[in-house]
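Following: one structure in structure tokens, then a few remarks.
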Amino acid sequence: MTRFRAALLLLPSGLIALLAVPSASRAADAANGGVLAKRWCAGCHVVSADQNSGNTQVAPFSAIAKKPGFDAAQLALFLLTPHPKMPDMGLSRSEAADLAAYIAAQK
Ligand code: HEC
Numbered sequence: 040m041t042r043f044r045a046a047l048l049l050l051p052s053g054l055i056a057l058l059a060v061p062s063a064s065r066a067a068d069a070a071n072g073g074v075l076a077k078r079w080c081a082g083c084h085v086v087s088a089d090q091n092s093g094n095t096q097v098a099p100f101s102a103i104a105k106k107p108g109f110d111a112a113q114l115a116l117f118l119l120t121p122h123p124k125m126p127d128m129g130l131s132r133s134e135a136a137d138l139a140a141y142i143a144a145q146k
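In the numbering used here, the protein residues as written are 40 to 146.
Below you can see the structure in the form of structure tokens.
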């Protein structure tokens, strides 16, 4: 019974992941960026207003979006290059663009 419940709980996020499979060329998708952020970035960054724990040393996404000179295209490029302190997540171009769009939406 417990197992069955866990499977039910997993179902919605699995569905979202299926629906969000990136295609080769398309506009940046902030909703997909949100899914990626919760999966890959939320361990360190506060990625959304409803997240109440994160690493206090790391800028929340809302603060990154509000930085002067913030630019989603530059951010997408930044995410594609390996940088110290952050693991190389091997993001695809469209994933980086989606994440940048998601962060930009928090301005
Ligand atoms: C293991 C922890 C960790 C993970 C996971 C992580 N980050 Fe970071 N991130 C950091 C740290 C630490 C910094 C600050 C780097 C510095 O100050 O040099 C940072 C900095 C950044 C910055 C630059 C912030 C600024 O002030 O300009 C961006 C943008 C960013 N992260 C986005 C992301 C995204 C998007 C993801 C998920 C795909 C992610 N991070 C996952 C730890 C992490």
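For glycine and all other residues, C-beta sits at the position ideal for the given N, C-alpha and C.
Please list the terminal residues of the continuous alpha helix (DSSP H) segment that includes residue i.
i	result
residue 113	111-119
residue 65	Where residue 65 is concerned, there is no enclosing alpha helix (DSSP H), given that its DSSP letter is neither H nor E.
residue 105	100-105
Taking 8 Å as the threshold (C-beta atoms), are residue j and residue i in contact?
i	j	result
residue 67	residue 136	yes
residue 146	residue 104	yes
residue 119	residue 130	yes
From residue i to residue j, what does the alpha carbon distance come to, in whole angstroms?
i	j	result
residue 84	residue 98	6 Å
residue 111	residue 96	23 Å
residue 60	residue 108	For residue 60, the pLDDT reaches just 48, beneath the cut-off of 50, and the residue's location in the model is therefore unreliable, although a value from the coordinates is still provided. C-alpha separation (whole angstroms): 31 Å.
residue 90	residue 75	14 Å
residue 65	residue 78	22 Å
Should residue i go down as buried or exposed, given a rule of 16 or more other Cβ atoms within 10 Å for buried?
i	result
residue 82	exposed
Can you tell me whether residue i sits near the ligand HEC, meaning its C-beta is under 7 Å from at least one heavy atom of the ligand?
i	result
residue 75	yes
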